[in-house]
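One structure is given below, encoded as C-alpha cells.
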Amino acid sequence: MLPAYIPNPVAALCGGGTPVDLGRSYSDGRRLFGDGKTYRGLLIGILAGIGSGLLLIWLSDTYLLTSLPKHTVLSVTLLACGALLGDLAKSFFKRRLGKERGARWPVADQYDLVVGAFLLLLVFDLSWFFTHITIPVLIFILILTPVLHRAVNIIGYLFRIKEVPW
Ligand code: CTP
Ligand code: MG
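For the sequence shown, the numbering used here assigns the number 111 to the initial residue and increments by one for each residue that follows.
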C-alpha cells in the first residue's frame with residue numbers, strides 16, 4: 111500500500127498553486143474541487159508514490175524479499191494515481207455536500223485513497239488485485255489506513271504543514 115499512502119502527505123508538503131478546477135464552480139455555485147486540490151500536489155504526489163513503488167520493486171528484487179507482494183510498474187502506478195484521484199473525487203462530493211475546504215468528513219477522508227486505488231486496480235489490473243488483496247490483507251488495510259491517516263495528519267499539523275489535524 112506504500113505507493114498509495116505516500117501521495118497524500120507529499121501533496122500536502124509540495125502542493126499549492128493552480129487549483130485543478132482552475133477556480134471554477136459547479137452548477138450549485140460551489141467550487142468543483144476547491145483550492146485544496148492543485149496540479150502541483152497531484153503531479154508531485156503521484157510521482158512520489160510511483161517512486162516509492164519502484165524503490166519497493168528494486169528492494170525486493172535486490173534482496174529477494176519474496177514475502178513482499180510482487181509489485182509491477184503498473185500496480186504501483188495504479189495505486190499512486192488511484193490514491194489521489196480518490197482524494198480528488200472525495201473533494202468533489204465534499205463540495206456538493208456544502209463542506210468547505212479542510213472541513214472534516216469522517217470515513218470519506220480516511221478511505222478515499224483506498225477506494226480510488228482499488229477501483230483503478232480493479233479496472234486495469236484485476237489479476238494483481240485478486241492475487242494480492244486477499245481478505246486478511248483487506249482487513250489489515252482497513253485497520254491500518256485510518257490509524258496511519260490520523261498519525262500523519264497530527265504530525266503534519268504539529269509541523270504546520272496542515273491547517274487542521276485531520
Ligand atoms: N493538496 C494539493 N493537491 C492535491 C491534494 C492535496 O495541493 N491534489 C494539498 C493542499 O495544500 C491541501 C493539502 O494538500 O490543502 C491537504 O490535502 P487534503 O486534506 O486532501 O485537502 P483539504 O485542504 O482538506 O481539502 P478537502 O476539504 O477538499 O479535502
Ligand atoms: Mg482534508
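Glycine is no exception: its CB is placed at the ideal position from the N, C-alpha and C atoms.
The structure displayed is predicted, hence computed values, not measured ones.
Same chain, Cβ closer than 8 angstroms to residue i, five either side skipped, listed in chain order
i    : result
R206 : Y136, D138, R140
P216 : none
Opposing strand residues paired with residue i [DSSP bridges]
i    : result
R141 : S135
T148 : P129
Between the CA atoms of residue j and residue i - distance to the nearest angstrom
i    : j    : result
R211 : G126 : 14 angstroms
L188 : L268 : 31 angstroms
R169 : V247 : The sequence given here places Leu at residue 169; Arg does not occur at that position. Rounded to whole angstroms, L169 to V247 spans 21 angstroms at the Cα level.
L157 : P117 : 8 angstroms
T115 : L178 : For the sequence presented, residue 115 should be read as Tyr rather than Thr. Between Y115 and L178, the C-alpha separation is close to 16 angstroms.
T176 : L166 : 12 angstroms
A213 : I160 : 28 angstroms
Sequence-distant residues of its chain with Cβ nearer than 6 angstroms to residue i (five each side left out)
i    : result
P119 : V262
A227 : A114, L189, G192, A193
A218 : K200
7 angstroms CB neighbourhood of residue i in its chain, flanking five on each side removed
i    : result
T148 : G125, G126, G127, T128, P129, V130
S201 : F143, G144, G146, K147
Three CB pairs or more closer than 8 angstroms across the segment 146-156 and the segment 164-184
no
If we count Cβ pairs, one from each stretch, closer than 8 angstroms, do we get three or more for the segment 228-242 versus the segment 257-269?
no
Assess contact between the segment 216-227 and the segment 192-202, defined as three or more Cβ pairs (one per stretch) separated by less than 8 angstroms. Is contact present?
yes
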